[in-house]
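See below for the structure under consideration.
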Amino acid sequence: MKISIALGLASVVAMAAASPTQAAQGCGRGMHRTPHGRCAPNRMMRQQTWVVGQFYPGRGYWYNNRWYQHRSRWHNSWRYR
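Residue -2 is where the sequence shown starts when you use the numbering used here, and the numbers rise one by one after that.
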(Lines of atoms letter the chains of each structure in order from A and count residues from 1; the text may use other names and numbers.)
(Lines give C-alpha, C1' and ligand atoms only; values in the text may rest on other atoms or scores of the structure.)
Protein backbone atom coordinates (compact mmCIF):
# COMPACT_ATOMS: atom_id res chain seq x y z
CA MET A 1 0.00 0.00 0.00
CA LYS A 2 2.77 2.45 0.91
CA ILE A 3 4.62 1.58 -2.28
CA SER A 4 1.63 2.45 -4.47
CA ILE A 5 1.15 5.79 -2.66
CA ALA A 6 4.84 6.62 -3.06
CA LEU A 7 4.72 5.60 -6.72
CA GLY A 8 1.63 7.77 -7.33
CA LEU A 9 3.23 10.73 -5.56
CA ALA A 10 6.42 10.33 -7.59
CA SER A 11 4.47 10.24 -10.84
CA VAL A 12 2.55 13.42 -9.92
CA VAL A 13 5.82 15.21 -9.11
CA ALA A 14 7.38 14.02 -12.37
CA MET A 15 4.36 15.22 -14.40
CA ALA A 16 4.43 18.63 -12.71
CA ALA A 17 8.15 19.02 -13.39
CA ALA A 18 7.76 18.05 -17.05
CA SER A 19 4.85 20.41 -17.83
CA PRO A 20 5.79 23.50 -19.85
CA THR A 21 5.67 26.92 -18.23
CA GLN A 22 5.30 30.30 -19.88
CA ALA A 23 8.05 32.72 -18.99
CA ALA A 24 6.94 35.30 -21.59
CA GLN A 25 10.35 34.93 -23.21
CA GLY A 26 12.02 36.71 -20.30
CA CYS A 27 10.13 40.00 -20.77
CA GLY A 28 7.58 39.75 -17.94
CA ARG A 29 3.83 39.76 -17.69
CA GLY A 30 1.96 41.35 -20.59
CA MET A 31 5.10 41.59 -22.74
CA HIS A 32 6.66 39.59 -25.56
CA ARG A 33 9.99 39.47 -27.39
CA THR A 34 10.14 41.13 -30.83
CA PRO A 35 12.13 39.70 -33.77
CA HIS A 36 14.87 42.24 -32.98
CA GLY A 37 15.18 41.02 -29.38
CA ARG A 38 13.43 43.92 -27.63
CA CYS A 39 10.55 43.57 -25.18
CA ALA A 40 7.23 45.03 -26.34
CA PRO A 41 3.77 45.12 -24.72
CA ASN A 42 1.09 42.76 -25.96
CA ARG A 43 -1.56 44.55 -28.02
CA MET A 44 -4.35 43.33 -25.76
CA MET A 45 -2.78 45.02 -22.74
CA ARG A 46 -2.22 48.40 -24.37
CA GLN A 47 -4.73 51.13 -23.40
CA GLN A 48 -5.76 54.05 -25.54
CA THR A 49 -4.97 57.44 -24.02
CA TRP A 50 -7.23 60.32 -24.98
CA VAL A 51 -5.99 63.92 -25.01
CA VAL A 52 -8.31 66.49 -23.40
CA GLY A 53 -9.66 69.03 -25.90
CA GLN A 54 -8.50 67.21 -29.02
CA PHE A 55 -11.05 66.41 -31.72
CA TYR A 56 -11.30 62.75 -32.78
CA PRO A 57 -13.20 62.15 -36.05
CA GLY A 58 -16.32 60.08 -35.50
CA ARG A 59 -16.26 60.66 -31.72
CA GLY A 60 -15.88 64.36 -30.95
CA TYR A 61 -13.94 66.14 -28.19
CA TRP A 62 -12.73 64.26 -25.10
CA TYR A 63 -13.22 66.18 -21.83
CA ASN A 64 -13.88 65.02 -18.23
CA ASN A 65 -14.21 61.37 -19.28
CA ARG A 66 -17.00 62.15 -21.77
CA TRP A 67 -17.32 62.77 -25.47
CA TYR A 68 -18.72 66.14 -26.62
CA GLN A 69 -19.65 67.01 -30.19
CA HIS A 70 -19.27 70.81 -29.94
CA ARG A 71 -17.02 73.28 -28.16
CA SER A 72 -16.98 77.08 -28.07
CA ARG A 73 -15.01 79.87 -26.41
CA TRP A 74 -16.45 81.05 -23.08
CA HIS A 75 -14.71 83.28 -20.49
CA ASN A 76 -11.18 82.66 -21.84
CA SER A 77 -11.70 78.91 -21.76
CA TRP A 78 -13.56 76.22 -23.68
CA ARG A 79 -17.16 75.17 -23.15
CA TYR A 80 -18.04 71.67 -24.32
CA ARG A 81 -21.60 70.76 -25.34
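We put the CB at the ideal spot given by N, CA and C, even for glycine.
Start and end residues, beta strand (DSSP E) containing residue i
{"i": "P54", "result": "Element bounds for P54: n/a, residue is neither H nor E."}
{"i": "W47", "result": "Premise fails: W47 is in no beta strand (DSSP E) and is neither H nor E."}
{"i": "H33", "result": "Careful: H33 lies outside any beta strand (DSSP E) and carries neither H nor E."}
{"i": "R70", "result": "68 to 71"}
{"i": "R63", "result": "63 to 65"}
{"i": "R40", "result": "Where R40 is concerned, there is no enclosing beta strand (DSSP E), given that its DSSP letter is neither H nor E."}
{"i": "R78", "result": "Careful: R78 lies outside any beta strand (DSSP E) and carries neither H nor E."}
Residue i, buried or exposed, once every other Cβ within 10 Å from all chains shown has been counted against 16
{"i": "Y58", "result": "buried"}
Proximity test, residue i beta-carbon vs the ligand NAP heavy atom, cut-off 7 Å
{"i": "V49", "result": "The ligand NAP is absent from the structure shown, which contains no ligands of any kind."}
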